[in-house]
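Residue numbers (this note's numbering): 1 to 576.
We put the CB at the ideal spot given by N, CA and C, even for glycine.
None of the values given here were measured: they were computed from a predicted structure.
See structure below.
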């Protein structure tokens, strides 16, 4: 006899229904719950909806796994990550950093079942066995699941000589009551953990978590705190700017939450990711570890905080809407050092903190550029501060859309997620539609921000702003359609063909092959409606081209989707 619904379950399911309608209304309820539970499981990483959807692996031959995500040093891995570049040697990556695998199973049924845990154990025994070739499992598991697991395995194998710290997190989420879980389920949970641990190095971290209605509801209600206090020892003020000497203990309290976890979201606007054990960070660590070294703030440039308001009371700043835009390397190294050693010799040292209070976007961008010119930074890292990026953001705003050039800015303001588009997705959409290179959009999702030539082909000042908005709207319409029942698409088709379908839409509306985004100027002004019938016709043709191409060789759909030969085949079938 099923347990009576609790208030937590009732609230959670009502929240889910609303979230489903607002974000992915055309997806089935089961798929939507997989995405919903995955986002809640990974909430601390601040992933966008597109990132979450990319990890969905459910729907046939999934081995009980609904989504998979891999992280190296807190950064989500994708096919285009530096770690997979043939030109990058293992020695170029830091030692002893964290390599994480997240595996999530999410079911709408309000119970935790032994069979689900048995299935997870059987699947992960195979997938995490490095002696088992991934290719040999293709008949047993779907391509999406295998490719997502393969990211983790390839990263692990490449980094072996760097002694990565391995962590595997398995989440089983349902709107059930975790408090009422049977002893048998708890036993199977422990057996699953042990089975995984047996496949990993001895010092690996394995966590198997049950998330029920209360736990999911609590995670949904967790909101990033951007307004925080910061104690200081000495300070000086000039207008809306401040400098302060802050003990490392007090700075640690600012950048960590009540559980001692790093508040990653405070660094969303930083131009670089953490670089790990590079020379400068090793020097910072040595300075902290050496009690005989000079004052820490004499040797370190400190950090720069941008906020909307900074007020003082006693020896404490109250900072609103914080973003730490410079000092990510210092902050991470301080965080790691204090986690290892909370001795007074480290906690009592000082760090120099610059505080700039402004709500002006141009001023913020100038500060980000200027403070990051003090040390070598790849120009690509500063893309979000380009004038064209600000112009696109302004154009989107006046048309009721939101261009998230500053990560999570509009998400945190509570704007409609269906109308929020980030730089990477817009770049992919323009690459697919404005250059007829959906293979590049699919296979190199990050390259547009790394390569000047690729970037300028898409984000060129001669491209009418209406083209950017049209591309965003079109890609979002295609994504929504592919997740609807009308598309009758598999998860593999959704992941691998979305940019190819966008290309077919664009060339049909433009009446020919497209070589540069400027050719979409008239199409963007005509704003032809993309109704379901129109998209169904394009998708039917794409599916026929796809499986005709696949029958010619031994490649998989995922590999074909990243291959220009497949793109050329499609265009040839269209007569271009």
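Here the alpha carbon of residue 92 sits roughly 29 angstroms from the alpha carbon of residue 346. Closest by C-alpha distance to residue 334, out of 132, 297 and 310, is 297. Inclusion of residue 209 and residue 181 in the CB contact set at 9 angstroms is not warranted, their separation being larger than that value.
Contact annotation: the region 565-576 touches the region 435-447, with at least three C-beta pairs closer than 8 angstroms.
In this structure, residue 229 sits near residue 319, with a CB-CB distance shorter than 9 angstroms. With respect to the 9 angstroms criterion, residue 518 and residue 462 are classified as neighbours on the basis of their beta carbons. Three or more beta-carbon pairs separated by less than 8 angstroms are not found between the region 176-195 and the region 11-25, which leaves the two stretches without contact. Judged by DSSP in its simplified three-state form, residue 445 adopts coil rather than helix or strand. Cα atoms of residue 153 and residue 68: separation of roughly 12 angstroms, rounded to the nearest angstrom.
Distance from the Cα of residue 558 is smallest, within the candidate group 499, 242, 525 and 520, for 499. Taking all protein chains shown into account, residue 303 has 16 or more neighbouring C-beta atoms within 10 Å of its C-beta and is therefore buried. Annotation: the continuous beta strand (DSSP E) that includes residue 323 extends over 323-326. A distance below 9 angstroms separates the beta carbons of residue 426 and residue 471.
In this structure, the beta-carbon distance from residue 337 to residue 285 falls below 9 angstroms.
Under DSSP, residue 75 takes part in a beta bridge, and its partners are 72.
A check of alpha carbon separations from residue 452 across 386, 479 and 484 identifies 386 as the nearest.
Residue 102 is bridged by DSSP to 69 and 169. Separation of the CB atoms of residue 390 and residue 361 is rounded to 7 angstroms, and the pair is thereby assigned contact status at 8 angstroms. If you look at residue 404, you'll find it in the beta strand (DSSP E) that goes 402-404.
Residue state for residue 460 is assigned as coil, using DSSP reduced to three classes.
By the beta-carbon neighbour count (other beta carbons within 10 angstroms, threshold 16), residue 348 is exposed. Rounded to the nearest whole angstrom, the CA to CA distance from residue 28 to residue 301 is 51 angstroms. Three or more Cβ pairs drawn from the region 90-110 and the region 56-74 lie within less than 8 angstroms of each other, which places the two stretches in contact. Counted as a single uninterrupted DSSP element, the stretch harbouring residue 317 is not any alpha helix (DSSP H) but the beta strand (DSSP E) occupying residues 316-320. At a Cβ-Cβ threshold of 9 angstroms, residue 250 and residue 231 count as neighbours. For residue 421, the enclosing beta strand (DSSP E) has its first and last residue at 420-422.
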